[in-house]
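Numbering that gives the first Met the number 0 puts the first residue of the sequence shown at 0, with every later residue one more than the last.
For reference, the structure discussed in these notes is given below.
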Amino acid sequence: MSFINYEPKFKNNAATTKVYLDKYRSVDIICIKCKCTYRYFSTADIDVTKENRICCQICKQDVMVPITAGSILSDMEGDERKELISKWHYNMFQS
(Lines of atoms letter the chains of each structure in order from A; the text may use other names.)
(Lines give C-alpha, C1' and ligand atoms only; values in the text may rest on other atoms or scores of the structure.)
Protein backbone atom coordinates (compact mmCIF):
# COMPACT_ATOMS: atom_id res chain seq x y z
CA MET A 0 0.00 0.00 0.00
CA SER A 1 1.38 3.37 -0.91
CA PHE A 2 1.48 6.60 1.05
CA ILE A 3 -1.10 8.20 -1.23
CA ASN A 4 -3.66 5.47 -0.53
CA TYR A 5 -3.30 5.91 3.22
CA GLU A 6 -2.95 9.69 3.46
CA PRO A 7 -6.59 10.23 4.59
CA LYS A 8 -5.84 8.20 7.75
CA PHE A 9 -3.69 10.97 9.23
CA LYS A 10 -6.00 13.74 8.07
CA ASN A 11 -9.10 14.65 10.08
CA ASN A 12 -8.51 11.82 12.57
CA ALA A 13 -8.33 13.46 16.01
CA ALA A 14 -12.02 13.33 16.93
CA THR A 15 -12.43 9.66 16.04
CA THR A 16 -9.18 8.80 17.83
CA LYS A 17 -10.39 10.52 21.00
CA VAL A 18 -13.67 8.57 20.85
CA TYR A 19 -11.65 5.36 20.52
CA LEU A 20 -9.44 6.37 23.44
CA ASP A 21 -12.44 7.12 25.65
CA LYS A 22 -13.91 3.71 24.85
CA TYR A 23 -10.77 1.56 25.14
CA ARG A 24 -8.76 3.65 27.66
CA SER A 25 -5.61 3.70 25.54
CA VAL A 26 -4.61 4.16 21.93
CA ASP A 27 -1.32 3.75 20.09
CA ILE A 28 -0.53 6.43 17.54
CA ILE A 29 2.38 6.28 15.11
CA CYS A 30 4.19 9.41 14.00
CA ILE A 31 5.25 9.04 10.38
CA LYS A 32 7.98 11.69 10.78
CA CYS A 33 9.53 10.16 13.95
CA LYS A 34 8.71 6.57 12.92
CA CYS A 35 7.78 5.93 16.57
CA THR A 36 4.70 4.63 18.33
CA TYR A 37 3.30 6.60 21.24
CA ARG A 38 0.67 5.29 23.65
CA TYR A 39 -1.93 7.71 25.00
CA PHE A 40 -4.17 7.20 28.03
CA SER A 41 -5.88 10.58 28.15
CA THR A 42 -7.50 12.70 25.46
CA ALA A 43 -6.03 15.75 27.20
CA ASP A 44 -2.56 14.53 26.20
CA ILE A 45 -3.34 14.52 22.47
CA ASP A 46 -2.35 17.72 20.66
CA VAL A 47 -4.83 18.56 17.90
CA THR A 48 -4.50 21.07 15.07
CA LYS A 49 -7.36 23.27 13.93
CA GLU A 50 -7.71 20.89 10.95
CA ASN A 51 -8.54 18.04 13.38
CA ARG A 52 -5.18 16.32 12.92
CA ILE A 53 -3.11 14.79 15.68
CA CYS A 54 0.19 16.59 16.19
CA CYS A 55 3.30 14.81 17.47
CA GLN A 56 4.58 16.27 20.73
CA ILE A 57 8.16 15.40 19.77
CA CYS A 58 8.58 16.63 16.17
CA LYS A 59 5.50 18.90 16.04
CA GLN A 60 4.36 17.41 12.70
CA ASP A 61 0.71 16.54 12.11
CA VAL A 62 1.33 13.21 10.39
CA MET A 63 0.20 10.77 13.07
CA VAL A 64 -1.75 7.60 12.32
CA PRO A 65 -3.79 5.98 15.10
CA ILE A 66 -3.81 2.20 15.40
CA THR A 67 -7.49 1.52 15.90
CA ALA A 68 -9.84 -1.32 14.99
CA GLY A 69 -10.18 -1.49 11.23
CA SER A 70 -6.86 0.26 10.63
CA ILE A 71 -4.51 -1.46 8.22
CA LEU A 72 -1.85 -1.05 10.90
CA SER A 73 -3.81 -3.01 13.51
CA ASP A 74 -3.66 -6.16 11.37
CA MET A 75 0.11 -5.99 10.80
CA GLU A 76 2.92 -7.58 12.76
CA GLY A 77 5.76 -5.43 14.08
CA ASP A 78 8.25 -5.78 11.21
CA GLU A 79 5.58 -5.42 8.54
CA ARG A 80 4.23 -2.30 10.25
CA LYS A 81 7.72 -0.79 10.57
CA GLU A 82 8.38 -1.38 6.88
CA LEU A 83 5.16 0.37 5.84
CA ILE A 84 5.82 3.32 8.15
CA SER A 85 9.34 3.60 6.72
CA LYS A 86 7.89 3.71 3.19
CA TRP A 87 5.42 6.43 4.16
CA HIS A 88 8.21 8.35 5.91
CA TYR A 89 10.40 8.15 2.82
CA ASN A 90 7.56 9.26 0.51
CA MET A 91 6.75 12.26 2.71
CA PHE A 92 10.13 13.47 3.91
CA GLN A 93 12.90 12.06 1.72
CA SER A 94 11.61 11.69 -1.83
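Think of the CB as a built atom: it goes at the ideal place given N, C-alpha and C, for glycine as much as any other residue.
Residue burial is scored here from C-beta neighbours: residue 12 has at least 16 other C-beta atoms within 10 angstroms and is therefore classed as buried. Here DSSP, grouped into helix, strand and coil, assigns residue 91 to helix. Less than 8 Å divides the Cβ of residue 63 from the Cβ of residue 9. Following the DSSP letters along the chain, one finds residue 48 in no alpha helix (DSSP H), marked with neither H nor E. Excluding its 5 nearest sequence neighbours in each direction, residue 84 has C-beta neighbours in its own chain below 7 Å: 29, 31, 34, listed in chain order. Counting C-beta atoms within 10 angstroms of its own C-beta, residue 19 has 16 or more neighbours from the protein chains shown and is therefore classed as buried. Straight-line spacing of the CA atoms in residue 36 and residue 52 works out to 16 Å.
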